[in-house]
Each structure stands twice: as C-alpha cells, then as structure tokens.
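Here's the structure, in structure tokens; my notes come after.
Protein chains in written order, with the working numbering: chain W, 40 to 159; chain Y, 267 to 681; chain R, 607 to 1101.
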C-alpha cells in the first residue's frame, strides 16, 4: 500500500509517497533530495521522535526539563510520559544527568536538560 | 559615573553571543545588563529541541543551548549584572539602570548593543471582543508558567495562531494531560515550521483550521468558550460560520514585536517594517556606537541565526571602540519591493572594503519557484533562485556590494 | 449595628463614604464585586467634564459644574493624578456649528466658566493641526482628565483610614425597615443601619425598589473604548470630540472623542447602546468597529493628524467596555427617598458621573447631616498621602526610594515601570489588592504595551508570597477566576 506524507527537512516540503509491504518501505517518490527518501522510509513505517517534557522536582515548584537522548518511537511517547510519574528526582541535578535509564525499553535514556543545583 | 567600553542590554542568547564575541575579539571591559535573576532570556523556558543545528551541529533544547553560552560567559568571567533593569539610554550613550543591590546606576558606555528581545502581541492589541475572564494567555506566558514555575494553565485549550510558539505549546499541553481542541489560523498557511505542524499537531490529531479566527470570548470568571469563524479574503469573519467551542483556556500565538522602548528613548528611529531599529550593514543604528541585534532588531525563527547576527554585532562594536571601523561617507538605503518584508539591514555603507553584505528578509506571502532580485539604479545587480519561500521562515542573501551605486530595491519575481 | 451603610464602592459610594467620615458615625460600605471600583467607575473615558453639554436645570448640570470645581483640591488631598487639559468640541458643517452655539448657551446657563466659541483660526491657536473640514468649535478650558480608579481607590483608602469599614464580595439581597432601622440582608450576613445610601450603579434600581413604592428601572448602557500606545503622549493636549454625528453603523453618543489620559495613553471612544445585563461590560464587535470606522473616516479632523497622518491601528494596545446606569428621565436621582426616610439615592450616575461624584457625595451627606444632626468628627484627616509612582520619580527621588526600600530597585512591570515595592504596597493597602486585576488597577502593572505578558507570572508569585497562599489560589479577578489549574506532572487522581 502507499503512504503519503510531507517531508519536514526543509521549507520546500516535498510531498512524498512510499510503498509499504510486509512492514518494509520502498520506492519513495516525490523527494528532491536523499534526506526526503530516508525520512519517508522511517516515518512511513514507524515514526520516531525526540521527547522533551517536564518532571516535578522534590521540594521545589520549579520543574526539571528532560529529553530523550535519542529518537524513540512516536507510539511510545505517552507510555514514556506516564512512566515519569514513577520518578521523583531531587537536587542537585546537572544538565546531562541521566534521570531514567532505557525508558520503557526504548533504548534511550531520559536526561536532564538543565541544572537544578539548590533546594530553593 | 562608571565607564564601560561595551554595554550589552539583555542577557539572553543575543546579548550573550554579542558579549562573548566582543570579549574574544579583545575588548575585556564589557558588561551585560539583564533584568531577570538569570541569564538566558526566553531560552530558559524553551524545553523543546531544534536549537543549535546550525550553530553547534547538534539538536539541542533551548535550555541546553542557553547553558552553552552561560557556561562560556562564566568560564571567561565576563561581567554581568542580574536583576538590573535599564530605564533609559541617552543619545550620548549614558545608561540609567536600577537594581535592588546597586540602587540607581549610571554608566557611560563607549558602545551599546541593544539585545532586549521581543514581546508577544496581546488580546487587547487584537481587540478580540468579549469578556475578560481568567484563562487567556499569550503562548510565551503560558510557557513560562509551565516550564519555569511548573503550573498548568488550563485543561481544555484553544490556540489562536499557528506560529511556532503556539504549535510547541500545543504539544506540550497535550503531553501534560490537557486537551487541545483546536488551533485556529487566520491566514491560509501556517507561520510555523512544517516540522512543528507534523510533530505538534498531526502527531496528536489536533485540528488546524486555516482562514479561521476567534471572534468572541465567553466566560465571566473563567473562559467558558470561544467563538471561531472562518474569514473571507479580507480577513473579515463570516457570521454564518461562527461556532462556539467550549473550553477553559485561550492561548494566543499571534505575533512577536521587537521590544524597543529603550531604542525609542534614545531617539533612534524604528523601521515600520521590522519593528526594530534602523541599522546599517554593521548593525549600527543612526547613533554611532549603538548597535542592535537579535529579536530586538527583527524577529528570528532560529536561535542559531540570532547567535550569528549578534556575534557579528559584537565584533562590529569592538571595531567601533577601537576606532578600526571602516569609514564610509556613502550610505545607500534599502527599500522593499514586491513580496519583501522586514529586510535587514536598512542601509549599506559603500567603499568600506567589505565585499559582501548579508540580507535577511521574509516574503510577505508564500511563494513557489521565484527569483529574488536586487536592483540598483533600475539595473538588476543580483538575482537568485528560490524554490519555495514562506513568511514563517526568514530568508538570507549574500550579495556583493561592488555593483551597488544608488539606493537598492529587493524584489520577488515569481516565475 | 451601623449608623450608615453605603451600597456600592464606585465614585458615588466612595465619595459618600468619605464625606460621612467627616462625622462621628459608624460607617460600612458593601460592595458586591471582589474589589472596589469595578463597575462604571472603572471602565470610562476618565473625563472631568466642564459641564457645557448638560441640560440646564438638570441635576447633571448642577453636580457636573460643582464637581468639576472640586477636582484640584480633591486630587491634591488624595494624591490622584489630574490635569485640566481643556475640552474642544469641533464641527464640520454649518448645522453642527448651530449645535456648537447651543452648547455655548447651555454652558452659559450652567455657569461653566470661560467657555468660548471659536472659528477655525481660533481653534488652531489652541491646538494646531485641525483638519480642513473643521469649521470651528467650542473650547471649554475647565475640562480635565483624571485617573478614575486611582481617585476611587484613594477615596476609599482615605475613608478607611478615617474608620470606614469595607466589605467586598457582599451582595445585598433584601432591605426592609425593622424597628425604625434598616435591616440589610446580604450573602455575608445581616446588617442594620439608621441611614442607607444607594450607590449601586447599574443595580441601583433593584436596591431602591426594595424600599420604595416609587420604583424605577435602570437601562444599562454600554460603550467601548480603545487605548492607543503612549508614544503619542506628546502630540495631544486637549480632550477633543466632534459634535454628535451619525455614527457609521448607527447609534448615538455625546460625540466620538480622543481623550489623552493622565498616564500618557490615548483613549478613543465611545459608542453607547442599551444592553440587557447590568453587569455586561464585555466588548462587542459592533461597538469596537464603530470607534474604528469613525476614526478611520474622521482622523484628519483631529490635530494629531498633522504628526500621524493615518489612524494608527497598529498602535492599539487594548480596548475595554463599561456599562452605565441610564434612566429614561435622563437625569440623576439624588436625595432622600420620600417614602423611605433615612434612605438616600445617588442613582442614574452615568456621564458626567465621574465629574459629579465628589459633589454628589458632599451634597447628599450634608443634607443628611443637617436633617439628622450628625456630629462633626474633628479627627477627620482629609489627606491620603502616598509616594509618587516610581515611573514619575526623577533620579534622586529614585535613589532615595531604593535606599529606603530596596524593593524599589526591582522592576516587575517593565512597560509601565512598576516596582516590587509598589506592588507590595498595593497588596497591603487599606483595601488591599488580592488578585491580578486588583494589583493592575492600583499600580498599572499589566496596563502597558505587553499587557502583562511578562509581568503577570511575577505579579502572581508576589501575590502568593505576600498573601501566604499557593500560586494555585491566586485569581485574575476574584473567586472563581483562578489563573492556574494545577501542577505539572499530576495525574487526575492526585489533583
């Protein structure tokens, strides 16, 4: 079957078309460059995303901002967000610190994207 | 009165970039004045990624991008004052500022870099009719409440405006458990990046209605609903299309305006087109030694370009205080022709030995394949092909100066 | 048990309360909204009318002229910004010039001082730049501008400092005479008083009709205003309006006008049309469009057009609506109610209500005092003294202020230059601010170009800290208008 999507790599926004058969993508058309081709194949089969979100910090109003350190499947975003509720980080936290290892078995870690060094 | 060589007003990305580049080029007597209790400006509330792809060849969050600069500022021990609000700048570069610890300070600066950033257009400025309940926020204010303070601003949300900030917040609200009912966009195209349409709206099945606006807000104490309506080609609401969406929150992402009260108080003329100071190709305003860069000069889409621009402004400020600026008596003006909006710089110095000038502008509407031409004395002195241009993404040209003799005009020619 | 209860804390109620405090009386003010000065007194054009357009012989005319003359002393006593900037009404047709002459006759009959009819040349001498279509007009030098909510709040503060009690969020449901006293039922308890003053604005008919068989109906009239950026402050001086014209799209008004405000903004307005709901001060599309269409068409008549050639739509920073109490007799009702002795009305207080308010207060209370033998309170202190706003201070005043109180060094609202010290003072004032809008009204924080975009999270945080509550409890404008709905990271169950 064919899947239609718009490329996001640059403002041109090529309208791409990909063949999907048995969970495999092939024969991308509509792209003006190779990036469109790579993007289409992945996006058509299993879209991947970076997740950035917040988690409360023990004893503070200010939340901690987090990111996945790699791409995770889009369909796992909400599971990962739900998983955050099981973690309660407290200061001191440094930007880059791993807060959750291999979140939801995605192979990616949730890392802090800011410093929270003090308790106030 | 304190004397500082280069004072940078604003400690966000723009101010930090300018300060660092000035410092590295050799002027140590610099000072950043920042009104918040922290450096980083709006980047500190940008927890999403997409920053740094051009500047650092990495995909960083706004907070990570800010940290790179803040760390470098601290590593180099570049002086800055926090909680310090500039009240006034005089024509002779005397800065008046206040802070709780230092009271009222006056600084005589040799050069000033205006890096104050921008503000958001408000409901009042749009004159959306209706009541004044709780639950109406500009996207940036909602972002601040969420990301810096840790609070949710609403549960059932309608967003007006499909600019990037609104799109980013649509995603963030959804991830935090709120329901985003709709994004309404008055134009027939989005002002945001295609990536954000996909990853913030389509990913979450949030409907995006083009040619649609909010015509009325309901709710006495808290927003209870907003009326949406389609608009005609004159952007006027079509009454028969009005429908009420029940919600408790209206988020406005309807435009950014460079923040220039200080610029005006110094008597520096503002460009009607960009909303920021009128500058030449050195980013210098009409007052020698006062430079402008970043969102205070014109609103950017990518922070990377704010950094590049501000780094250049910082270097130019160094040339100015070291009296090594190229001297030119010939300045030509840049006018905007068909299709062009917000062209920067507004003036170009001739015969300075500089070979090229970098223009930035936005198309005033989406264009398919077209040419961007530059005319001097009615002669086309430069032409480049553009596959596609959209108002949501700033365009750049690098143009040789040598053929510029008279005032030039930049124009789009659709092909 | 009180001697006097005042219903409503707008210009009328505040003025009456303060006048009552000149006597040895136990006084209570009941206000149904969550703050003082929330009704008509909040949403108007801030004009201190000269009185030239009121009908001679009417109470409006009488109290307008009397009130106008009180403003210098009053505003000085209460530290309220006020300026006698003059009023000009211009005409563009011969027929409208007749109206101008009629206004002059009225002005003379009303004893308004120094009013002149001027031709084009004469007008231009006062303010250069009137358009070519302008034939002439009326000039009333006693016209002025004031900050209406600063006037009302400082009047209330002064009353409070002189012993008057205030109860907010308190709505009167029933009044009747019991054993020679007025018994007032409210949602916050019952109160008794010998004398009641009805200053309930657009609800004053309901209050009156609880006690008197001579009932009347208030017709709520709404009108919008548009606020232009401060950058035009130096370009306008007098309050200028056109003779009442047929507005594009219908409607009637005193005449669309351009009112410089004491804060430097320019206020444009206003249409007037009837609405059902006495509390509905929402802005309506047709009202706003009336203002815009008028000014797009007639901009060139106004002197500002010599500097700003076209109506500057991009410089609109806000708009607001206001409802006023209109009676079909088109006049105020001021005085003791015949069949309800001890009950006093100050009703139908639409324009020129702001101007007339202080005079109405003085008159009504003096009447009551004379009739009922109130004893003078020689401890009455007429002044409300407060520090000048930071934005108006010069450098040495600022240094001194910060030295005394470092909170003056922390700028919270950058657009209006409001400092932490002033916000805290507003929260701890005699009738303190407890919501974002209440802080805004008292300090101007949030009234500037960015309309609170930057400062409102900080104001919210300061309110929470000063009031000792969590940020979740802070409201926009009173109960039920909480700004924030929850913490991030909480599940539905937890909240």
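C-beta atoms are modelled at their ideal positions from N, C-alpha and C, and glycine is treated no differently.
Taking only the alpha-carbon atoms, compute the straight-line gap between residue i and residue j and give it to the nearest angstrom.
| i | j | result |
| --- | --- | --- |
| residue 784 (chain R) | residue 944 (chain R) | 18 Å |
| residue 898 (chain R) | residue 874 (chain R) | 9 Å |
| residue 930 (chain R) | residue 862 (chain R) | 17 Å |
| residue 448 (chain Y) | residue 434 (chain Y) | 14 Å |
| residue 638 (chain Y) | residue 409 (chain Y) | 37 Å |
| residue 757 (chain R) | residue 684 (chain R) | 7 Å |
| residue 918 (chain R) | residue 481 (chain Y) | 22 Å |
| residue 777 (chain R) | residue 640 (chain R) | 10 Å |
| residue 648 (chain Y) | residue 679 (chain Y) | 12 Å |
| residue 909 (chain R) | residue 701 (chain R) | 22 Å |
| residue 1064 (chain R) | residue 86 (chain W) | 40 Å |
| residue 1100 (chain R) | residue 420 (chain Y) | With a pLDDT of 43 at residue 1100 (chain R), under the threshold of 50, the modelled position of this residue cannot be trusted, and the question is left open. |
| residue 657 (chain Y) | residue 318 (chain Y) | 21 Å |
| residue 393 (chain Y) | residue 895 (chain R) | 10 Å |
| residue 154 (chain W) | residue 331 (chain Y) | 13 Å |
| residue 570 (chain Y) | residue 997 (chain R) | 36 Å |
| residue 1029 (chain R) | residue 1067 (chain R) | 11 Å |
Name the one or two DSSP bridge partners that residue i has.
| i | result |
| --- | --- |
| residue 801 (chain R) | R:610 |
| residue 681 (chain Y) | Partner(s): none; residue 681 (chain Y) has no beta bridge. |
| residue 475 (chain Y) | Y:450 |
| residue 788 (chain R) | R:783 and R:799 |
| residue 879 (chain R) | R:828 |
| residue 326 (chain Y) | Y:317 |
| residue 79 (chain W) | DSSP output for residue 79 (chain W) lists no bridge partner at all. |
| residue 622 (chain Y) | Y:666 |
| residue 649 (chain Y) | Y:639 |
| residue 297 (chain Y) | Y:273 |
| residue 838 (chain R) | Bridge partners of residue 838 (chain R): none, in fact. |
Count the other C-beta atoms from every protein chain shown that fall within 10 angstroms of the C-beta of residue i, then say buried if there are 16 or more, exposed otherwise.
| i | result |
| --- | --- |
| residue 156 (chain W) | exposed |
| residue 644 (chain R) | buried |
| residue 135 (chain W) | exposed |
| residue 1009 (chain R) | exposed |
| residue 437 (chain Y) | buried |
| residue 314 (chain Y) | buried |
| residue 386 (chain Y) | buried |
| residue 985 (chain R) | exposed |
| residue 1091 (chain R) | buried |
| residue 1057 (chain R) | buried |
| residue 672 (chain Y) | exposed |
To which residues of the same chain is residue i closer than 6 Å at the C-beta, ignoring the five residues directly before and after it?
| i | result |
| --- | --- |
| residue 1033 (chain R) | 1039 and 1072 |
| residue 765 (chain R) | 623, 624 and 627 |
| residue 97 (chain W) | 127 and 129 |
| residue 961 (chain R) | 654, 655, 670, 673 and 674 |
| residue 79 (chain W) | 55, 57 and 67 |
| residue 470 (chain Y) | 440 |
| residue 42 (chain W) | 57, 59 and 83 |
Under 8 Å by Cβ, that's how I've got residue i and residue j pegged, so tell me the actual separation to the nearest angstrom.
| i | j | result |
| --- | --- | --- |
| residue 307 (chain Y) | residue 383 (chain Y) | 6 Å |
| residue 399 (chain Y) | residue 489 (chain Y) | 5 Å |
| residue 601 (chain Y) | residue 614 (chain Y) | That pair is no contact at about 12 Å. |
| residue 583 (chain Y) | residue 604 (chain Y) | Actually they are not in contact, since the Cβ atoms of residue 583 (chain Y) and residue 604 (chain Y) sit about 35 Å apart, beyond 8 Å. |
| residue 105 (chain W) | residue 138 (chain W) | 6 Å |
| residue 950 (chain R) | residue 970 (chain R) | 6 Å |
| residue 1050 (chain R) | residue 1035 (chain R) | Wrong, their Cβ atoms sit about 14 Å apart, outside the cutoff. |
| residue 275 (chain Y) | residue 402 (chain Y) | That belief does not hold up - the Cβ atoms of residue 275 (chain Y) and residue 402 (chain Y) are roughly 30 Å apart, past 8 Å. |
| residue 561 (chain Y) | residue 280 (chain Y) | 7 Å |
Leaving out the 5 sequence neighbours to the left and right, which residues in its chain are closer than 7 Å to residue i when beta-carbon positions are compared?
| i | result |
| --- | --- |
| residue 607 (chain R) | 798 |
| residue 1098 (chain R) | Caution applies to residue 1098 (chain R), whose pLDDT of 46 falls short of 50 and renders its modelled position unreliable; the value that the coordinates give is listed next. Answer for residue 1098 (chain R): no residue qualifies. |
| residue 720 (chain R) | 747 and 748 |
| residue 710 (chain R) | 721, 723 and 744 |
Which residues in the same chain as residue i place their Cβ atom closer than 8 Å to its Cβ, once the five residues preceding and following it in sequence are excluded?
| i | result |
| --- | --- |
| residue 742 (chain R) | 696, 697, 703, 706, 723, 724, 725, 726, 728 and 729 |
| residue 463 (chain Y) | 428, 433, 456 and 474 |
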